[in-house]
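Student: Right, I'll just put the structure down here and ask away after.
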Amino acid sequence: MMRTRPTTSPKIQPPPTESKENIVILGGGSSGSQVARALSLSLSLNPSKSRARFNIILITEREYHIHLLSAHRMLVTGEGRLEEASLIPYTSLFNHGTGNGDGKANGQLKIGKAVSIEKYRDGGGGGGEVVLESGEHVPFRYLVLATGSKWDGPLAFPTDHTKLLAWIHGWRDRFSKANDIVIVGGGAVGVELAGELRDASPHPRKKITIVHGGGMLINDTYPDKFRIGLEKSFRARDIDVVLGDYVDAQEPDGEGRVTTRRGRVIKADLVVCTTGAKPNTAFLNSLNAPSGDVLTPSGHVKTLPTLQLKAHADIFAVGDILDFPEQKQNNKTLFHARVAVPNILALVDGKEPVKEYKGVFDVMLVTNGKNGGSGYVGRLGGFTVGDWAMKTVKSKTLFLPRTRKLFGLSA
Numbered sequence: 001m002m003r004t005r006p007t008t009s010p011k012i013q014p015p016p017t018e019s020k021e022n023i024v025i026l027g028g029g030s031s032g033s034q035v036a037r038a039l040s041l042s043l044s045l046n047p048s049k050s051r052a053r054f055n056i057i058l059i060t061e062r063e064y065h066i067h068l069l070s071a072h073r074m075l076v077t078g079e080g081r082l083e084e085a086s087l088i089p090y091t092s093l094f095n096h097g098t099g100n101g102d103g104k105a106n107g108q109l110k111i112g113k114a115v116s117i118e119k120y121r122d123g124g125g126g127g128g129e130v131v132l133e134s135g136e137h138v139p140f141r142y143l144v145l146a147t148g149s150k151w152d153g154p155l156a157f158p159t160d161h162t163k164l165l166a167w168i169h170g171w172r173d174r175f176s177k178a179n180d181i182v183i184v185g186g187g188a189v190g191v192e193l194a195g196e197l198r199d200a201s202p203h204p205r206k207k208i209t210i211v212h213g214g215g216m217l218i219n220d221t222y223p224d225k226f227r228i229g230l231e232k233s234f235r236a237r238d239i240d241v242v243l244g245d246y247v248d249a250q251e252p253d254g255e256g257r258v259t260t261r262r263g264r265v266i267k268a269d270l271v272v273c274t275t276g277a278k279p280n281t282a283f284l285n286s287l288n289a290p291s292g293d294v295l296t297p298s299g300h301v302k303t304l305p306t307l308q309l310k311a312h313a314d315i316f317a318v319g320d321i322l323d324f325p326e327q328k329q330n331n332k333t334l335f336h337a338r339v340a341v342p343n344i345l346a347l348v349d350g351k352e353p354v355k356e357y358k359g360v361f362d363v364m365l366v367t368n369g370k371n372g373g374s375g376y377v378g379r380l381g382g383f384t385v386g387d388w389a390m391k392t393v394k395s396k397t398l399f400l401p402r403t404r405k406l407f408g409l410s411a
């Protein structure tokens, strides 16, 4: 079957040709950072004439990358000053060996929020500008969309660094003072938060209740046996689980309670929203209108298997915003980068992108505090792992040392 080639939707005139062009990565989360670092290494280790024409610019809203896998522990306890490691600077992300001995990094970090994308009126050759909230226009020859997800509750971190630190300490204080905590949402985020809270406050001083709309915890991508076992492991730590029900209130009522849709009354002095994240793509309406060929109704980005946008050959998408039938998980981003980066380099070298993303098996590793958890690996027919394996693989370190190394830092 012939694959439909993406086209461009020209809007504005490009600036005069300059000696350098930009590859812009929009979003400094896991996917955007991995793409930026891989491109940086590739351009410096193979400095051909065509590749020497390009700069790399990473645009992100924060000065630090937030390691979300350790966020709940960081928000619950100050033990170990986890924020010092979990807020990861971009200072070593770009490669400093450019092949000519000058020692300069071949990438630039720009702090800003994108509000729209404008394409050049160039007869289909590609390129455009990212328009920032500040009014600045950042030109690109190739663009990678990696803006990730928007969260509610504790994970809705502010962008300003001073406010970010206050947010972390504020949630620690709220969790510490609360005695009856209701967690709304029984996906991986909610149940991992419950495990961290139980570590920080052994039963019976603090009561923890998870309210989840599904008939079992997490979602039905995973086998019932795994989901039932997960529920048992949390109940064994005196964490209540209410299934098939919902809490709409964001705060307890005047009597320190919440009432579920089914009429169940639960004592609460703190309600925590951990429901699913939404793709951070509202700014792409500038590309989506009027044809609707960029975004799905859910806000995910439509791409070809090469991870190029169906409507724009010069724009790629990776990470949570990708419209692909898979669970949105941190471990998928590495595989997205392994497709997007070679295809961008192919375009840089004047070749056709041929690498295709075909998905990857699911892995669900749910921590239950520092010393346990449950895991499912969707290979070899699917198998589960328990506390010992989870502590060894994830629960103890939350993959933080490995992630810091990906940013060019020490563990």
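1 is the number of the first residue of the sequence shown in UniProt numbering; add one for each residue after it.
The beta-carbon is built from N, C-alpha and C at its ideal position, and this holds for glycine as well.
What's the call for H354, buried or exposed, on a 16-neighbour Cβ count within 10 Å?
Tutor: Within the sequence shown, residue 354 is the residue found at index 354, counting from 1. The residue asked about is misnamed: residue 354 is Val in this sequence, not His. By the neighbour-count rule (16 or more Cβ atoms within 10 Å), V354 is not buried but exposed.
Student: Three-state secondary structure (DSSP) at F383?
Tutor: Along the sequence shown, read from residue 1 onward, the residue named residue 383 stands at position 383. If DSSP states are grouped into helix, strand and coil, F383 belongs with the strands.
Student: Under DSSP, the alpha helix (DSSP H) around G195 begins and ends at which residues?
Tutor: Locating residue 195 in the sequence shown gives position 195, counting from the first residue. Where G195 is concerned, the enclosing alpha helix (DSSP H) stretches over 188-200.
Student: Taking the beta carbon of I344 as the centre, do at least 16 other beta carbons fall within 10 Å, making it buried, or is it exposed?
Tutor: In the sequence shown, counting from the first residue as 1, residue 344 sits at position 344. Its Cβ being crowded by 16 or more others within 10 Å, I344 is buried.
Student: On the three-state DSSP scale, how would you describe T60?
Tutor: Translated into positions along the sequence shown, residue 60 becomes position 60. Here T60 sits in strand by DSSP.
Student: Which residue from L287, Q327, E326, Q329 puts its Cα closest to that of I315?
Tutor: Start at 1 with the first residue of the sequence shown, and residue 315 comes out as number 315. Ranking the options by Cα distance to I315, first place goes to L287.
Student: Excluding the five sequence neighbours on either side, which residues of its own chain have a C-beta within less than 7 Å of the C-beta of P401, listed in chain order?
Tutor: Working through the sequence shown from its first residue, we reach residue 401 at position 401. Closer than 7 Å at Cβ, skipping near neighbours: A411.
Student: With 16 as the cutoff for other CB atoms within 10 Å, does G215 come out buried or exposed?
Tutor: Translated into the one-based positions of the sequence shown, residue 215 becomes position 215. The residue in question, G215, is exposed, as its Cβ has fewer than 16 Cβ neighbours within 10 Å.
Student: Closer than 7 Å by C-beta to V294: which residues in its own chain qualify, once you throw out the five before and the five after it? Chain order, please.
Tutor: Position 294 of the sequence shown, counted from the start, is the residue given in the question as residue 294. Contacts found: L284, L287, N288, V301, K302, L309, A311.
Student: When you compare only the Cα positions, how much space is there between P89 and T221?
Tutor: Along the sequence shown, read from residue 1 onward, the residue named residue 89 stands at position 89. Along the sequence shown, read from residue 1 onward, the residue named residue 221 stands at position 221. Straight-line Cα distance between these residues: approximately 34 Å.
Student: Quick test of the definition: if touching needs 3 or more C-beta pairs under 8 Å, does the segment 315-334 touch the segment 360-376?
Tutor: Yes: the two stretches touch, three or more of their Cβ pairs being nearer than 8 Å.
Student: Using the rule of at least 16 other Cβ atoms within 10 Å of the residue's Cβ for burial, across every protein chain shown, is R65 buried or exposed?
Tutor: Translated into the one-based positions of the sequence shown, residue 65 becomes position 65. Inspection of the sequence shows that residue 65 is occupied by His rather than by Arg. By the neighbour-count rule (16 or more Cβ atoms within 10 Å), H65 is buried.
Student: State the CB to CB distance for the pair T333 and V318, rounded to an integer number of angstroms; the pair is presumed to be in contact (CB under 8 Å).
Tutor: Taking the sequence shown and counting its residues from 1, the one referred to as residue 333 is at position 333. Taking the sequence shown and counting its residues from 1, the one referred to as residue 318 is at position 318. So it is a contact: roughly 7 Å between Cβ atoms.
Student: Quick check: what's the CA-CA separation for L41 versus T60?
Tutor: Within the sequence shown, residue 41 is the residue found at index 41, counting from 1. Within the sequence shown, residue 60 is the residue found at index 60, counting from 1. If I take the Cα positions, the gap works out to 20 Å.
Student: Taking the alpha-carbon positions, what's the V184 to H137 distance?
Tutor: The count along the sequence shown starts at 1 and reaches residue 184 at position 184. The count along the sequence shown starts at 1 and reaches residue 137 at position 137. Distance between the alpha carbons of V184 and H137 is about 40 Å.
Student: Find the nearest neighbour of V133 within the set D224, G112, D152, L75, judged by alpha-carbon distance.
Tutor: Within the sequence shown, the letter at position 133 stands for residue 133. In the sequence under discussion, the amino acid at residue 133 is Glu, which differs from the Val named in the question. The shortest Cα separation from E133 among D224, G112, D152, L75 belongs to G112.
Student: By how many angstroms is the C-alpha of G29 removed from the C-alpha of S149?
Tutor: By 1-based counting over the sequence shown, the position of residue 149 is 149. By 1-based counting over the sequence shown, the position of residue 29 is 29. Going from the Cα of S149 to the Cα of G29 covers about 9 Å.
Student: Measure the beta-carbon distance from L87 to A36 and round it to whole angstroms, keeping in mind my assumption that it falls under 8 Å.
Tutor: Within the sequence shown, numbered from 1, the residue matching residue 87 stands at position 87. Within the sequence shown, numbered from 1, the residue matching residue 36 stands at position 36. About 18 Å separates the two Cβ atoms, so there is no contact after all.
Student: From this set, L39, S291, D269, G276, which residue's C-alpha is nearest R51's C-alpha?
Tutor: Within the sequence shown, residue 51 is the residue found at index 51, counting from 1. Of L39, S291, D269, G276, the residue nearest in Cα terms is L39.
Student: Establish whether the CB of I57 and some CB of chain C are separated by less than 8 Å.
Tutor: Chain labels in this structure do not include chain C; a single protein chain is all it has.
Student: Taking the continuous beta strand (DSSP E) assigned at R257, which residues delimit it?
Tutor: Counting from one through the sequence shown, the residue named residue 257 turns up at place 257. Run containing R257: 257-259, per the beta strand (DSSP E) assignment.
Student: By the 10 Å Cβ neighbour count, where 16 or more other Cβ atoms means buried, how is K119 classified, buried or exposed?
Tutor: Stepping through the sequence shown from its first residue, residue 119 is reached at position 119. Answer is buried; the Cβ neighbour count reaches 16.
Student: Helix, strand or coil for N100 per DSSP?
Tutor: By 1-based counting over the sequence shown, the position of residue 100 is 100. With a pLDDT of 43 at N100, under the threshold of 50, the modelled position of that residue is not reliable, and no figure is offered here.
Student: If contacts are defined as beta-carbon pairs under 8 Å, then I181 and V272 qualify, I think. What distance do you get, rounded to the angstrom?
Tutor: The sequence position of residue 181 within the sequence shown is 181, counting from 1. The sequence position of residue 272 within the sequence shown is 272, counting from 1. Right, the Cβ-Cβ distance comes to about 6 Å (below 8 Å), so this counts as a contact.
Student: Out of curiosity, what's the CA-to-CA distance linking D238 and K207?
Tutor: Taking the sequence shown and counting its residues from 1, one reaches residue 238 at position 238. Taking the sequence shown and counting its residues from 1, one reaches residue 207 at position 207. The straight-line gap from Cα to Cα measures roughly 8 Å.
Student: Using the beta-carbon count (16 or more within 10 Å), is N46 buried or exposed?
Tutor: Counting from one through the sequence shown, the residue named residue 46 turns up at place 46. Exposed, by the Cβ-count rule.
Student: For L322 and A277, what's the separation of their Cα atoms in angstroms?
Tutor: The residue labelled residue 322 in the question sits at position 322 within the sequence shown. The residue labelled residue 277 in the question sits at position 277 within the sequence shown. Roughly 13 Å separates the two Cα atoms.
Student: Does the segment 367-377 come close enough to the segment 185-203 to have 3 or more Cβ pairs within less than 8 Å?
Tutor: The segment 367-377, when compared against the segment 185-203, does touch it at the 8 Å Cβ threshold.
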